[in-house]
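So the sequence lines, in the order shown, correspond to chains A and B. If you read the first sequence in the numbering used here, its first letter stands for residue 22, the second for the next number, and so on. If you read the second sequence in the numbering used here, its first letter stands for residue 586, the second for the next number, and so on. We put the beta carbon where it would ideally sit given N, CA and C, even for glycine.
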Amino acid sequence: MTVLTIVSIGPGVTVQDLGRPGHIASGLSRGGAADTLAVAEGAALLRQSTDLAVLEMAGFGGNFTTSAPVRIALTGAPMRATIDGAPVAWNASHLLAAGAVLSIGAVEAGVYGYLSIGGGINTPPVLGARAAHLAAGIGAPLRANQSLPIGPDFGGPTGLGVGVANRFSGGTARIIASLQTDLFPAEDLQRFTQTTFHRDARANRQGVRLVPEGQGFGLARGQTILSEVITSGDIQIPGDGAPYVLLPEAQTTGGYPRIGTVIPPDLPLLAQTPAGAPLRFVFVTLDQAVELYRQDLLARKGLVSKCQPRLRDPAQIADLLGYQLISGMITGWEDA
Amino acid sequence: MQIADTFPKIESVGLNGLLVRFADTLSEPANRAALAFQAAVAAEGWAGVEETSSSLTSTYLRFDPLHLTHGALTAQLAALLACRDWYAAAPPHGRRFWRIPTVFGGDLAPQLVEAAELAGQTEAEAIATLSAARTRVLTLGFAPGQPYLGDLPANWNIPRQSSLTPQVPASALVVAVRQFVLFANATPTGWRHVGQTAFRCFRPDAAEPFALRAGDEVQFQPVSFEEYRNIMKSDSTGNGGAVMEAIP
């Protein structure tokens, strides 16, 4: 069995996948990767299923080696990365030789970088998924000297790159009305869409706090909301007037009024907006949101065709003679 | 705000959810309606509906809006709502009655005295009241397997604190607004910490990860600190010395 060994690691690296849906009734939110688009991009680069588990790296990666050659893909928030000291491209797939040191440093923009591996991280599933759910007490941040099993890789190319939309420095998120939107005065809703917010330092996989330029938001005193279901993307307005947008590890119920909900295609933007970066919101109708969701799913399905061989200047390739020019393919069964 | 609409109401939650609200304040009939309606929707097995849950007085459906439109699902829900009086529904089947050993007050649960004062009782009266109450799991929520239990007597309609206690341990029994919550994990809270149990609500590696079910009944039986310590030492199941029996 191939294993990934963690030589050193940042404090916020976890195993993630697309989460474990189906347990809201028991109080467990879906969880899963904060930026599911980055998981899809990694899977497309490796031509494998988006269900395979990856490493999610909050802010900083680590040093990794493997016991056999593996294909890797680096996606999400761009981070400085090298293999045995030689810089390697982000949003790209690479071959990592057995024993070579993959070094992933600090994030250059955004929040969450992703390391996908051919065959996926193959730790034992808990309640049907491998994702750490820190708020629920499932799994934990990874530590140095841990080794993780890697699943069988059915092979595919390396040396591919994929162009991605910048979602790593803030922007405008599209929102739809939620359960309490109508309780807010019309002028407050208008002001909400005219306000620039900055992501607060307080943020994690449960949610991000946004600090408004100008005065905060809220309902008139005395309006109590009975605790009801929460979904990822809901924008809660707690007592301090600063919106709090919920991410995959949100609690399943809550009693704060919600002014709107970020649509799923824009959740990667919310997760990846770094501290201090600006965010704005614009309302769309439910019909528009469904259409945007349809287009987003189509775009994700089309990612494989967007992954193209990266053009490299041979003069820049120091190890040209040793480079596997034919295929870069491995089966993953070499040591079986 | 005067709410003129009548219940039940169907509203959208996010892009892929609908919520059927049976009331905007907690009552036993509305809670039973939410539980029974969730079970009924799950039993329908509608194509495109991916998950259902209930909270105190509402039923939630998560669905795929690309395969089932909001309009079509709303119509299906309205038809199912019209089938019967959901507020008169019986509690769910397969319920259990749990008796969970609990240390009330003292260093382990330091807010009992303060909570008792708000409820107009002495500490001894509060323990007697809280431990005599046979409460029902109204919903699991917020954290995995975490029950909201009610109703407590009317004098226990005490408010949440205006500021949060920074951290209350897992398995803590807290109280506010005529309800108990038994915490799944250590958490900050505005509810007052009146008892401490050794009962783990969420057991990720167990065959049944979520110990309690909505509709189960729970009584918190007073034990001494020494008894609690012995339970903590000897229990490896997560049950914390609780005794469970089926409700016929």
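Distance between residue j and residue i (C-alpha atoms, nearest Å)
i	j	result
A:G53	A:A94	18 Å
A:L49	B:L797	13 Å
A:G176	B:S821	44 Å
B:Q623	A:T26	45 Å
A:A357	A:S88	The predicted model places A:A357 with a pLDDT of 31, which falls under 50 and marks its position as unreliable, so this point remains unresolved.
B:P744	B:I816	32 Å
A:I142	A:G63	13 Å
B:E830	A:F205	47 Å
A:A65	A:V183	9 Å
B:L723	B:S640	8 Å
B:A827	A:S70	44 Å
A:N112	A:K327	11 Å
B:A771	B:Q746	18 Å
A:R101	A:L58	20 Å
B:E811	A:G158	28 Å
A:I280	A:S199	6 Å
B:L715	B:T707	12 Å
B:D692	B:L737	24 Å
A:D317	A:M22	36 Å
A:E355	A:P173	Residue placement at A:E355 is poorly supported in this model, since its pLDDT is 33, which falls under 50; the coordinates still yield a value, given next. Cα to Cα, the separation comes out at about 10 Å.
A:G349	A:L181	In this predicted model, A:G349 has a pLDDT of only 41, less than 50, meaning its place in the structure is not dependable; the value taken from the coordinates is given anyway. When rounded, the distance between both Cα atoms is 11 Å.
A:L290	A:E208	26 Å
A:R68	B:A799	43 Å
A:G131	A:V109	18 Å
CB contact below 8 Å: residue i versus chain A
i	result
B:F889	For residue 889 of chain B there is no data in the structure shown, the boundaries of chain B being 586 and 833.
B:T610	yes
B:Q587	Caution is warranted here: a pLDDT of 38 is assigned to B:Q587, below 50, making its placement in the model unreliable, and no coordinate value can be reported.
B:P789	yes
B:N824	no
B:F607	no
B:L604	yes
B:S821	no
B:E793	no
B:N770	yes
B:L697	no
B:G599	yes
Cβ of residue i within 8 Å of any chain B Cβ
i	result
A:G43	yes
A:T193	no
A:G358	Residue 358 of chain A cannot be examined here, being either before or after the span of chain A that is shown, 22 to 357.
A:I197	yes
A:S190	no
A:R315	yes
A:T202	no
A:G158	yes
A:Q329	no
A:T35	no
Host beta strand (DSSP E) of residue i (start-end)
i	result
A:A233	Per the sequence shown, residue 233 of chain A should be read as Pro rather than Ala. It spans G228 to P233 - the beta strand (DSSP E) in which A:P233 sits, taken as one unbroken run.
A:G63	Taken as a continuous stretch (DSSP letters only), A:G63 belongs to no beta strand (DSSP E), being part of the alpha helix (DSSP H) at T57 to L66.
A:A102	M100 to I104
B:N732	According to the sequence as given, residue 732 of chain B is Pro; it is not Asn. First-last of the beta strand (DSSP E) with B:P732: P732 to G735.
B:P807	E802 to P807
B:V634	V634 to S639
B:P614	Looking at the DSSP string, B:P614 is not in any beta strand (DSSP E); the run it does join, the alpha helix (DSSP H), is E613 to E629.
A:F85	F81 to T87
A:H115	A113 to L117
A:D255	D255 to Q257
Boundaries (first-last residue) of the alpha helix (DSSP H) holding residue i
i	result
A:E270	Premise fails: A:E270 is in no alpha helix (DSSP H) and is neither H nor E.
B:L715	E708 to A717
B:M817	F810 to S819
B:R763	Run containing B:R763: none; DSSP gives neither H nor E here.
B:L697	L697 to L703
beta-carbon residue i near the ligand ATP non-hydrogen atom, thresh 7 Å
i	result
B:A675	This structure does not include the ligand ATP; it has no bound ligands of any sort.
Check distances from the C-beta atoms of the segment 250–266 of chain A to those of chain B and list, in chain order, the residues that come in under 8 Å.
V250, T252, S253, G254 and D255
Note down, one range per segment and in chain order, each alpha helix (DSSP H) of at least 4 residues found wholly within the segment 641–671 of chain B.
655–666
Complete runs of the alpha helix (DSSP H) confined to the segment 177–252 of chain A [at least 4 residues]:
207–215
With 7 Å as the limit, tell me which residues of the segment 724–756 of chain B have their beta carbon closer than that to any beta carbon of chain A; keep them in chain order.
L725, G726, F727, A728, P729, G730 and Q731
Which residue spans inside the segment 286–324 of chain A form an unbroken beta strand (DSSP E) run of at least 3?
299–304
Quick one, which residues of the segment 298–312 of chain A are near chain B if we go by CB-CB under 7 Å, in chain order?
Correct list: L307, A310 and V311.
Which residue spans inside the segment 128–178 of chain A form an unbroken beta strand (DSSP E) run of at least 3?
Segments of the beta strand (DSSP E) lying fully in the segment 128–178 of chain A: 133–138 and 168–170.
Using a Cβ cut-off of 8 Å, which residues of the segment 620–651 of chain B contact any Cβ in chain A, in chain order?
Q623, E635, E636, T637, S638, S639, S640, L641, T642, S643, Y645, R647, P650 and L651
Entirely enclosed beta strand (DSSP E) segments - the segment 766–796 of chain B, minimum 3 residues:
Correct list: 772–774 and 777–782.
Taking a Cβ distance cut-off of 8 Å, strictly less, list which residues of the segment 87–117 of chain A are near chain B, in chain order.
none
Can you pull out the residues from the segment 277–290 of chain A whose beta carbon lies closer than 8 Å to at least one beta carbon of chain B?
Near chain B, meaning a CB-to-CB distance below 8 Å, the residues of the segment 277–290 of chain A are T282, I284 and P285.
Given a limit of 8 Å on CB to CB distance, which residues of the segment 44–73 of chain A reach chain B?
H44, I45, A46, S47, G48 and L49
Mind listing which residues of the segment 138–150 of chain A have their C-beta closer than 7 Å to chain B's C-betas, in chain order?
So the list reads V147 and L148, given in the order they occur along the chain.
Please name the residues in the segment 648–672 of chain B whose beta-carbon is closer than 9 Å to at least one beta-carbon of chain A, in chain order.
P650, L651, T654 and H655
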